[in-house]
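Chains as they are written, first to last, in our numbering: chain D, 42 to 319; chain V, 42 to 319. Virtual Cβ for every residue (Gly too), placed ideally from N, Cα, C. Working notes, structure below.
Protein chains: 2
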Amino acid sequence: MSARCFIGTEPVAAIPGQDRGFAYGDGLFETMRAHRGALPWWEAHWARLVRGAARLRMTLPEPAQVIAESAALLAGGDGVLKLIVSRGHGGRGYAPPAGARPTWVLSRHPQPSVAATAVKLRWCQTRLALQPALAGIKHCNRLEQVLARAEWDGAPASERDADEGLMRSTEGDVVCATSANLFVLREGRWRTPEIDRCGVAGVCRQWLLDTIEVEETVLAVDDVEAADAVFVCNAVRGILPVGRLGARVWPPHEHVAALQRRLAEAHPGFAISSTEQP
Amino acid sequence: MSARCFIGTEPVAAIPGQDRGFAYGDGLFETMRAHRGALPWWEAHWARLVRGAARLRMTLPEPAQVIAESAALLAGGDGVLKLIVSRGHGGRGYAPPAGARPTWVLSRHPQPSVAATAVKLRWCQTRLALQPALAGIKHCNRLEQVLARAEWDGAPASERDADEGLMRSTEGDVVCATSANLFVLREGRWRTPEIDRCGVAGVCRQWLLDTIEVEETVLAVDDVEAADAVFVCNAVRGILPVGRLGARVWPPHEHVAALQRRLAEAHPGFAISSTEQP
Chain D
42 MSARCFIGTE
52 PVAAIPGQDR
62 GFAYGDGLFE
72 TMRAHRGALP
82 WWEAHWARLV
92 RGAARLRMTL
102 PEPAQVIAES
112 AALLAGGDGV
122 LKLIVSRGHG
132 GRGYAPPAGA
142 RPTWVLSRHP
152 QPSVAATAVK
162 LRWCQTRLAL
172 QPALAGIKHC
182 NRLEQVLARA
192 EWDGAPASER
202 DADEGLMRST
212 EGDVVCATSA
222 NLFVLREGRW
232 RTPEIDRCGV
242 AGVCRQWLLD
252 TIEVEETVLA
262 VDDVEAADAV
272 FVCNAVRGIL
282 PVGRLGARVW
292 PPHEHVAALQ
302 RRLAEAHPGF
312 AISSTEQP
Chain V
42 MSARCFIGTE
52 PVAAIPGQDR
62 GFAYGDGLFE
72 TMRAHRGALP
82 WWEAHWARLV
92 RGAARLRMTL
102 PEPAQVIAES
112 AALLAGGDGV
122 LKLIVSRGHG
132 GRGYAPPAGA
142 RPTWVLSRHP
152 QPSVAATAVK
162 LRWCQTRLAL
172 QPALAGIKHC
182 NRLEQVLARA
192 EWDGAPASER
202 DADEGLMRST
212 EGDVVCATSA
222 NLFVLREGRW
232 RTPEIDRCGV
242 AGVCRQWLLD
252 TIEVEETVLA
262 VDDVEAADAV
272 FVCNAVRGIL
282 PVGRLGARVW
292 PPHEHVAALQ
302 RRLAEAHPGF
312 AISSTEQP
């Protein structure tokens with residue numbers, strides 16, 4: 042993993058101890074699939090950052106510089122590029138300082154291995170609080186996801202058989218996986234949870250909303266368990282068919298495989314190699 | 042302001058770009074009033090950090106080293122000492138890394154000026170989400186407070202006449218100020234909001250719970266506006282009598298002044314000078 046840090050337009054060696062990202066999680070991030078040195082979904086990621094920055098009233102770095110530094114870091118290769126942007130340096134206290142220059146960190150990570158089989162899910166005990174002011178944007182207040190993800194790392198080995206966890210809101214409706222959005226199929230109709238009270242408006246989720254007919258709605262636990270097919274998705278791993286959720290098992294479903302093929306046509310990072318072909 | 046950064050026991054110049062505090066707000070903090078180089082409420086602050094670390098399942102630095110570095114930074118002086126502790130360095134992804142060494146930052150700040158008159162409050166529009174898993178502890182996911190505090194910084198000058206803002210939960214009950222707890226007096230009885238679903242278990246709040254008879258309860262907006270006296274409190278500024286909340290005005294109240302005197306006897310940092318004497 043290699044990383045570069047900046048304050049405003051200036052490269053820096055590391056992050057100052059008084060950065061508001063470190064103090065309050067006062068920032069935004071994007072995690073992007075890179076393909077041959079490029080970021081095919083850059084525009085969607087940047088658009089979400091712009092929406093987040095408007096919500097938090099913070100300044101973003103110059104996109105041209107982010108693009109140039111990303112290209113340098115990727116050096117024509119594949120992988121995952123993560124961008125974190127904080128509001129920048131601030132004194133003590135919550136009041137956002139006027140005119141702060143954003144602190145931003147670009148890091149390159151290995152491409153995750155694609156599971157040869159469908160993913161296994163578990164239910165998380167940690168719930169997502171309802172906060173419309175922060176819902177949808179990809180901000181850096183992520184302790185709920187950290188706690189949820191820790192549930193099955195800390196579990197006894199016999200219970201650790203999960204790739205991802207599904208999270209419910211504090212009201213009990215199903216929202217998302219810890220780092221992916223959720224889609225369920227029933228009687229030929231796709232549905233995905235609304236993310237207006239909690240959850241993240243995923244870039245792959247948005248590609249699906251733009252590509253197929255999907256109803257954004259409230260999903261109960263029963264709606265998931267009774268589904269004919271389920272997948273989770275994000276901008277790094279694409280569409281991941283779900284094969285199991287607790288005791289519920291789903292066989293491969295042609296509708297999910299068809300969506301994977303459409304995604305592979307739309308984004309070269311998700312091209313299906315012959316070994317991965319379902 | 043001077044600051045020192047550490048990873049585990051090692052001093053470092055700044056925070057690595059991959060620190061989980063910066064990435065996710067995955068940490069805890071304390072803000073402490075220092076008096077003549079000492080931290081009179083150190084034990085209560087440390088106890089809260091220990092509770093927070095147990096909740097987040099993260100490692101704290103060695104307290105003896107924190108105390109020694111604090112003393113060096115304070116050099117016998119007064120002021121405010123802030124300690125931020127993050128889970129430490131981590132790769133990409135929410136799963137907490139096993140065996141991470143905590144990153145911690147100590148910084149010294151000037152003592153805040155004590156308002157000569159009672160403080161003015163406003164109602165914040167930003168609500169606090171209900172999240173029992175994080176309620177009470179002083180974690181670093183503070184975007185709600187940042188958004189709330191920004192409400193009156195960004196307001197027109199004519200509306201900017203507030204020292205602090207009161208926050209309600211998403212269900213409408215009154216919880217706290219953006220950086221202080223709330224106490225209300227009615228018919229001789231003190232009450233303060235419960236902090237089991239959101240809010241922070243303040244160190245000064247706990248001193249009050251241990252010192253006087255206070256009911257922890259659910260407070261409605263009407264309960265605050267109908268109170269005979271109101272104050273907010275924290276471990277940096279002590280007890281701050283509230284003189285105004287929107288159109289509601291309170292004259293000074295002997296019960297609040299009496300509590301200020303008790304606090305001044307209990308904690309030398311809050312000693313009342315002759316010029317501040319109510």
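Secondary structure at D/Gly-206: strand, using DSSP grouped into helix, strand and coil. Counted as a single uninterrupted DSSP element, the alpha helix (DSSP H) harbouring V/Leu-184 occupies residues 184 to 194.
V/Val-241 has its alpha-carbon roughly 20 Å from the corresponding atom of V/Arg-128. Residues of chain D with a Cβ closer than 8 Å to the Cβ of V/Pro-137 are, in chain order, Val-187, Arg-190, Ala-191, Asp-194.
The beta strand (DSSP E) runs of length 3 or more contained entirely in the region 92 to 125 of chain V do not exist; there are none. Its chain contains Glu-205, Leu-207, Val-273 as the residues whose beta carbon lies nearer than 6 Å to that of D/Ala-218, once the 5 sequence neighbours on both sides are disregarded; these appear in chain order. The CB of V/Thr-72 comes closer than 8 Å to the CB of Arg-133 in chain D, given here in chain order.
Among the residues of the region 148 to 162 of chain D, those with a Cβ less than 8 Å away from any Cβ of chain V are Ser-148, His-150, in the order of the chain.
Secondary-structure assignment with DSSP links V/Leu-162 through a beta bridge to V/Glu-205, V/Leu-286.
If you draw a straight line from the Cα of D/Leu-188 to the Cα of D/Arg-238, it comes to about 19 Å. Per DSSP, D/Arg-238 is not a residue of any beta strand (DSSP E), being assigned neither H nor E. In this structure, the CA atom of V/Asp-194 is about 20 Å from the CA atom of V/Ala-159.
Taking CB atoms only, D/Phe-63 has a neighbour in chain V less than 8 Å away. In this structure, V/Leu-124 lies near V/Leu-147, with their beta-carbon atoms less than 8 Å apart. For V/Gly-62, the enclosing alpha helix (DSSP H) covers residues 61 to 65.
By the neighbour-count criterion, in which a residue is buried when 16 or more other Cβ atoms sit within 10 angstroms of its Cβ, D/Asp-214 is buried. D/Leu-281 sits close to D/Ala-221, with the two beta carbons spaced by under 8 Å. For D/Leu-226, the uninterrupted beta strand (DSSP E) run begins and ends at 222 to 227, by DSSP. The C-beta distance from V/Glu-192 to V/Gln-166 rounds to 6 Å, short enough to meet the 8 Å contact threshold. In this structure, the alpha-carbon of V/Trp-83 lies about 23 Å from that of V/Arg-183. Within the same chain, and ignoring the five residues on either side of D/Ala-270 in sequence, the residues whose Cβ sits closer than 7 Å to its Cβ are Leu-226, Trp-291, His-294, His-296, Val-297. Distance from the Cα of D/Trp-145 is smallest, within the candidate group D/Lys-161, D/Leu-69, D/Pro-138, for D/Leu-69. Look at D/Ala-79 here: in three-state DSSP terms it is strand. V/Gly-177 sits in a strand when the DSSP states are folded into three classes. The closest CA to that of D/Gly-284, considering only D/Asn-275, D/Gly-134, D/Val-265, is found on D/Val-265. In the structure shown, D/Leu-300 falls within a helical segment according to DSSP collapsed to helix, strand and coil. Interface criterion not met: the Cβ of D/Thr-258 is under 8 Å from no Cβ in chain V.
Rounded to the nearest whole angstrom, the CA to CA distance from D/Arg-133 to V/His-150 is 8 Å. C-alpha of D/Glu-254 to C-alpha of D/Ala-75: approximately 27 Å in a straight line. Non-local beta-carbon contacts of V/His-308 in its own chain, meaning distances under 6 Å to residues more than five positions away in sequence, involve Pro-81 in chain order. In the three-state DSSP reduction, D/Trp-291 falls in the coil class, being neither helix nor strand. At a cut-off of 8 Å between beta carbons, D/Arg-92 makes no contact with chain V. The continuous alpha helix (DSSP H) containing D/Thr-252 extends over residues 244 to 252.
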